[in-house]
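Chains Y and W are the protein sequences, given in the same order.
The first sequence runs 1 to 141 under our numbering.
The second sequence runs 1001 to 1157 under our numbering.
Here the structure is laid out as structure tokens; the discussion comes afterwards.
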Amino acid sequence: MLALKQQSFGGLLPSGQLDQSEEELRPRQQQPRTIRLLLAQHRVETVEQKFQRLADEWHRETDHLSVTAQATAHRAYRDIVDMGEKTVPHILHELQTTGGAWFQALREITGQDAAAGIQDYDAAVREWERWAISRGLIIHR
Amino acid sequence: MTTPASPEDVFPGLRGTSYWVTSCATLRPPWYNCVAWALGDDTQWWEAGRLDPNCHWPHGVLDDGTLAAYLQLFRSRGYVDCQGEALEPGHEKIAIYELAGQFKHVAYQRDDGVWLSKLGFSFDIEHASLTALAGPRYGTPNTIMRRPWRSTRACPQ
């Protein structure tokens, strides 16, 4: 197996999350075919990349559903919940941009309802942001 | 940011049929679903056995998330089972799609015979045929119900 070396990428990647190896950074045509296959097999996603891949899949597969209990039972949604608290900043960003039934994921991941009793969408997002800041999951918004 | 799929991507049965997209996806509030839309409400998300406390479900109606709960809801609103999707003057109709015993969707028939469907969080569409939405996502429109016309929703002239 190839040894993967962590790159800084201008600080965009959270520490400890591998993305590319030195081999991968070489021009593709210079990589032997076996190396390319190994890289493809051992590609490591960042938390953001994995979240976005699963969120895109979830939207594509469930946006047409009229029962949120069925939508939130989808495998991609369950995988996001299983990723735990590190996905909270990405879920909050998704709530602010695309939208969707993400409050259930926040409640399941955290075991809390930071926006209990709040019916206004934007106010609920703000409450969850305050909660995430207080837990050090996001720095600021 | 996610790009919504087109109705035909999700429901290939729409290809080659008459249908019209009448509103965009509603991934942000106000959220409403097909159940709300069939009952003339575009301000709330109606769901039985709901996980989200902000969803709406009327008191006194079975609230366990089963198909029976949705059938009871529509019966409580004056709908009774009937045969056939053909337009019947003086009546409004709904068609309930089910898959593997689960409620999946409800379409509402306007007084010109066209069916109205809110596709979950996604588009509102008008479609000429119920079978256009049938398939692995919504199952089949096994239950047709009707009630004497009471809706305020009229056919656009």
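We put the CB at the ideal spot given by N, CA and C, even for glycine.
What does DSSP give as the partner residues of residue i in its beta bridges?
i: residue 1108/W; result: 1094/W and 1116/W
i: residue 1102/W; result: 1099/W
i: residue 102/Y; result: Answer by DSSP bridge pairing: none, since residue 102/Y is not bridged.
i: residue 1148/W; result: 1091/W
i: residue 1019/W; result: 1127/W
i: residue 1135/W; result: 1139/W
i: residue 1082/W; result: 1144/W
Can you find the residues in the same chain that come closer than 6 Å, C-beta to C-beta, to residue i, ignoring five residues on each side of it along the sequence?
i: residue 1010/W; result: none
i: residue 9/Y; result: The pLDDT assigned to residue 9/Y is 30, lower than 50, so where the model puts this residue is not dependable; a value taken from the coordinates is nonetheless given after this. Answer for residue 9/Y: no residue qualifies.
i: residue 1114/W; result: 1126
i: residue 133/Y; result: none
i: residue 1137/W; result: none
i: residue 1042/W; result: 1032
i: residue 1146/W; result: 1082, 1091 and 1093
i: residue 967/W; result: Residue numbering for chain W in the displayed model covers 1001 to 1157; residue 967/W lies beyond these limits and cannot be assessed.
Identify the contact partners of residue i in chain W, using a Cβ-Cβ distance below 9 Å as the criterion.
i: residue 88/Y; result: Result: empty, since nearest Cβ-Cβ is about 18 Å, beyond 9 Å.
i: residue 105/Y; result: The contacting residues do not exist; residue 105/Y stays about 11 Å from chain W at best.
i: residue 110/Y; result: Here the premise fails: no neighbours, minimum Cβ distance about 15 Å.
Near residue i, what residues of its chain come up, given a Cβ to Cβ distance below 7 Å and the 5 sequence neighbours on each side ignored?
i: residue 1013/W; result: 1131, 1132, 1133, 1134 and 1135
i: residue 1102/W; result: 1067
i: residue 1063/W; result: 1048, 1049, 1057 and 1069
i: residue 128/Y; result: 92, 106, 114 and 115
i: residue 1099/W; result: 1138 and 1139
Could you name the residues of chain W that residue i contacts, counting a contact when the two beta carbons are closer than 8 Å?
i: residue 121/Y; result: 1028 and 1029
i: residue 34/Y; result: Residues of chain W passing the Cβ test: none, with the nearest at roughly 36 Å.
Chain Y partners of residue i, CB-CB under 8 Å?
i: residue 1122/W; result: 63 and 64
What residues from chain Y crowd round residue i, counting only those whose CB sits closer than 7 Å?
i: residue 1119/W; result: 64
i: residue 1137/W; result: 64
Taking 8 Å as the limit between beta carbons, can you name the residues of its chain near residue i, skipping five residues before and five after?
i: residue 112/Y; result: 131
i: residue 1006/W; result: none
i: residue 102/Y; result: 91, 94 and 95
Chain Y contacts from the segment 1010 to 1036 of chain W (Cβ-Cβ distance under 7 Å): Of all residues in the segment 1010 to 1036 of chain W, 1010, 1025, 1027, 1028, 1029, 1033, 1034 and 1035 have a Cβ within less than 7 Å of some Cβ in chain Y.
Inter-stretch contact (C-beta, 8 Å, three-pair minimum) for the segment 1093 to 1106 of chain W and the segment 1062 to 1070 of chain W: By the Cβ test, the segment 1093 to 1106 of chain W is in contact with the segment 1062 to 1070 of chain W, since at least three Cβ pairs between them sit closer than 8 Å.
Contact set between the segment 44 to 74 of chain Y and chain W, restricted to residues whose Cβ is under 8 Å from the partner: Cβ contacts with chain W come from 55, 56, 59, 60, 62, 63, 64, 65, 66, 67, 68, 69, 70, 71 and 72.
At least 3 beta-carbon pairs within less than 8 Å: the segment 60 to 68 of chain Y vs the segment 1039 to 1054 of chain W: In short, these stretches touch, since the Cβ pair count reaches three.
Three CB pairs or more closer than 8 Å across the segment 73 to 81 of chain Y and the segment 1014 to 1022 of chain W: Using a Cβ-Cβ distance cut-off of 8 Å, the segment 73 to 81 of chain Y and the segment 1014 to 1022 of chain W are not in contact, since fewer than three pairs of beta carbons, one from each stretch, lie closer than that value.
Segment contact, 8 Å Cβ cut-off, at least three pairs: the segment 1082 to 1090 of chain W with the segment 102 to 122 of chain Y: Too few Cβ pairs lie closer than 8 Å, so no.
Against chain Y: residues of the segment 1090 to 1122 of chain W by CB proximity under 9 Å: Residues passing the 9 Å Cβ filter: 1102, 1103, 1104, 1105, 1106, 1118, 1119, 1120, 1121 and 1122.
Cβ-based contacts, 9 Å cut-off: residues of the segment 1048 to 1064 of chain W near chain Y: Residues 1048, 1049, 1050, 1051, 1052, 1053, 1054 and 1055.
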